[in-house]
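Peer 1: Below is the structure I would like to discuss, written out as structure tokens.
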Amino acid sequence: MQRKLLFSFIFTGALLLAAGLNLPSQRAEAAETNPSLYTVQAGDTLYRVAVNHGLSLSALKGANSLSGDAIYPGQALHLPGVSGGPNIYTVQQSDSLYLISQKYGVTVDALKQNNNMGSSLISPGRVLAIPRSPLADIVKAKGVSPSTLSIFVDKSDHTLSIMSNGKALKAYHVELGEGGLGDKQVQGDRKTPEGNLYITEKIVYSPADEFLGTRWMRLSYPNIEAGERGLAQGLIDQQTYNAIVYANNNGLTPPQETALGGAVGIHGGSSVEFGKDWTYGCVGLSNRDVEEIYPLVSVGTAVHIQK
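With mature numbering (1 follows the signal peptide of the UniProt record, and there is no 0) applied, the sequence shown covers -30 to -1, 1 to 277.
Right, here's the structure in full:
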């Protein structure tokens, strides 16, 4: 399989000083003890940092006000995440640490520790780094029932968000099919399908599969919309279409070996070595992230994928 790597450039401190930029000081030192900050190492790229921390490239750039991909050794980067919102929060008028902690499902002590605060006093305009909590802790803190969870995949932003009643609880960086960002059309095009789907199967792999990682969640592709398109285009016959409709209406796995393709799922295995958008059409997560999500979703959990 061809692996496509997206490289960001790293400049030396000398080049940065020549350009009039300051090398990091207090912020880099804070990164040594602050889990929401990361100090860039020699050989790092912005893409590598994003993937290693389960983030989208755009989210990492946005949290650090970066217009390009250039980073340099010693630079401290905020690591954004979604736990009811971005984990870089600007204090508003009438805010308190307690109110902020309740909003993000974390403790006051965790907020203080994450921001090296000796007291609970805050002032409007201060930027706080919100700790990245495990999904299970967020669900518990917000009193969310796992039965309300659904999955939302934004292909353009390369994110998978865990939702509850329309609200995002946490988001993860994903890689997609190497066939491009368009909607899946036929078997072998290696594109990630779009539309309303659901989980039909869950499998734990131990030891980890080389490409699927440690967890696999099969999706209900082809869905009815894909079946209608396939029937109209002559890709499938009426009998196959009827089987697709029956499976989707009854929460089953639809036919997997049709001209529309199949065997599409959410799985682990993503790593920097595989590069960007390396799958055959699946939604790829790191093993760490897929293992965090896996226990909280079930066969039947709704999945919506959009471009």
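Even glycine gets a Cβ: it sits at the ideal position worked out from N, Cα and C.
#1: First and last residue of the alpha helix (DSSP H) that includes valine 215?
#2: With a threshold of 8 Å on Cβ separation, who are the neighbours of glutamine 11 within its own chain once the five nearest residues in sequence on each side are excluded?
#3: When you compare each of Thr118, Trp248, Thr271 to threonine 162 by their alpha carbons, which one comes out closest?
#4: Let me check one thing: in DSSP terms, what residues is leucine 222 bridge-paired to?
#5: Is arginine 185 helix, strand or coil when you go by DSSP?
#6: Which residues does DSSP list as the beta-bridge partners of isoleucine 173?
#7: Quick check on the burial criterion: 16 or more other C-beta atoms within 10 angstroms. Buried or exposed for asparagine 25?
#8: Quick one, are the C-beta atoms of alanine 46 and leucine 30 less than 8 Å apart?
#9: Would you tell me roughly how many angstroms separate the C-alpha atoms of glycine 38 and tyrosine 216, rounded to the nearest one?
#10: Give the single residue among Ser93, Gly32, Lys82, Ser28 whose Cα lies nearest to the Cα of threonine 60.
#11: Starting from alanine 106 and walking both ways along the alpha helix (DSSP H), at which residues does that stretch end?
#12: Within this structure, are the beta carbons of glutamate 145 and glycine 254 separated by less than 8 Å?
#13: Alpha carbon to alpha carbon, how far is residue 278 from isoleucine 194?
#14: Assign alanine 202 to one of two classes, buried (16 or more other C-beta atoms within 10 Å of its C-beta) or exposed (fewer than that).
#15: Is the beta carbon of leucine 182 sitting closer than 8 Å to the one on histidine 237?
#16: Tell me whether aspartate 79 sits in a helix, a strand or coil according to DSSP, three-state version.
#17: Could you compute how far the alpha carbon of asparagine 4 sits from the alpha carbon of asparagine 84?
#18: According to DSSP, which residues form a beta bridge with leucine 98?
#19: For a quick check, are the C-beta atoms of alanine 80 and proline 101 less than 8 Å apart?
#20: Measuring CB to CB, does asparagine 135 end up less than 8 Å from histidine 274?
#21: Look at the alpha carbon of glutamate 261 and the alpha carbon of isoleucine 70, and state the distance between them as a whole number of angstroms.
#22: Report yes or no: do three or more beta-carbon pairs, one from the stretch 225 to 237 and one from the stretch 172 to 186, lie closer than 8 Å?
#23: Specify the secondary structure class of tyrosine 42 as computed by DSSP and reduced to three states.
Peer 2: Reading from the atomic positions:
#1: Within the sequence shown, the letter at position 245 stands for residue 215. Looking at the DSSP string, the run of the alpha helix (DSSP H) that includes valine 215 is 208 to 219.
#2: Here residue 11 refers to the residue found at position 41 of the sequence shown. Within the same chain, glutamine 11 has close Cβ partners Pro43.
#3: Here residue 162 refers to the residue found at position 192 when the sequence shown is read from its first residue. Closest by alpha carbon: Trp248.
#4: Reading the sequence shown from its first residue, position 252 is the one you call residue 222. In DSSP, leucine 222 forms no bridge with anything.
#5: Taking the first residue of the sequence shown as 1, we reach residue 185 at position 215. Strand, per DSSP.
#6: Taking the sequence shown and counting its residues from 1, one reaches residue 173 at position 203. Bridge partners of isoleucine 173: Trp186.
#7: Sequence index remark: in the sequence shown, residue 25 carries index 55 (1-based). Here residue 25 turns out to be leucine, not asparagine, going by the sequence shown. Under a 10 Å Cβ-count criterion, leucine 25 is classified as buried, with 16 or more other Cβ atoms of the shown protein chains found around its own Cβ.
#8: In the sequence shown, counting from the first residue as 1, residue 46 sits at position 76. In the sequence shown, counting from the first residue as 1, residue 30 sits at position 60. Not a contact, by the Cβ cut-off of 8 Å.
#9: On the sequence shown, residue 38 is found 68 positions in, with the first residue counted as 1. On the sequence shown, residue 216 is found 246 positions in, with the first residue counted as 1. If I take the Cα positions, the gap works out to 49 Å.
#10: What you label residue 60 is simply residue 90 of the sequence shown in a count that begins at 1. Closest by alpha carbon: Ser93.
#11: For the purposes of this step, residue 106 is taken as residue 136 along the sequence shown, with counting starting at 1. Segment 105 to 111, the alpha helix (DSSP H) holding alanine 106.
#12: Against the sequence shown, residue 145 aligns to sequence position 175. Against the sequence shown, residue 254 aligns to sequence position 284. Result yes, Cβ atoms of glutamate 145 and glycine 254 sit closer than 8 Å.
#13: As displayed, the chain neither begins before -30 nor continues past 277, which places residue 278 out of reach and without an answer.
#14: For the purposes of this step, residue 202 is taken as residue 232 along the sequence shown, with counting starting at 1. It is exposed - the Cβ of alanine 202 has fewer than 16 other Cβ atoms within 10 Å.
#15: Along the sequence shown, one-based indexing puts residue 182 at 212. Along the sequence shown, one-based indexing puts residue 237 at 267. It is a contact, given that the beta carbons lie within the stated cut-off.
#16: For the purposes of this step, residue 79 is taken as residue 109 along the sequence shown, with counting starting at 1. Correct three-state label for aspartate 79: helix.
#17: On the sequence shown, position 34 is the one that residue 4 refers to. On the sequence shown, position 114 is the one that residue 84 refers to. For asparagine 4, the predicted model reports a pLDDT of 43, less than 50, meaning its position is unreliable and no value from the coordinates is stated.
#18: Looking up residue 98 in the sequence shown gives position 128. According to DSSP, which records beta bridges pairwise, leucine 98 is partnered with Tyr59.
#19: By 1-based counting over the sequence shown, the position of residue 80 is 110. By 1-based counting over the sequence shown, the position of residue 101 is 131. Yes, they are a contact pair.
#20: The sequence position of residue 135 within the sequence shown is 165, counting from 1. The sequence position of residue 274 within the sequence shown is 304, counting from 1. In this structure, asparagine 135 lies away from histidine 274, with their beta-carbon atoms at least 8 Å apart.
#21: Start at 1 with the first residue of the sequence shown, and residue 261 comes out as number 291. Start at 1 with the first residue of the sequence shown, and residue 70 comes out as number 100. C-alpha separation (whole angstroms): 28 Å.
#22: With three or more CB-CB distances shorter than 8 Å, the stretch 225 to 237 counts as touching the stretch 172 to 186.
#23: Here residue 42 is taken as the residue at index 72 of the sequence shown, counted from 1. Correct three-state label for tyrosine 42: coil.
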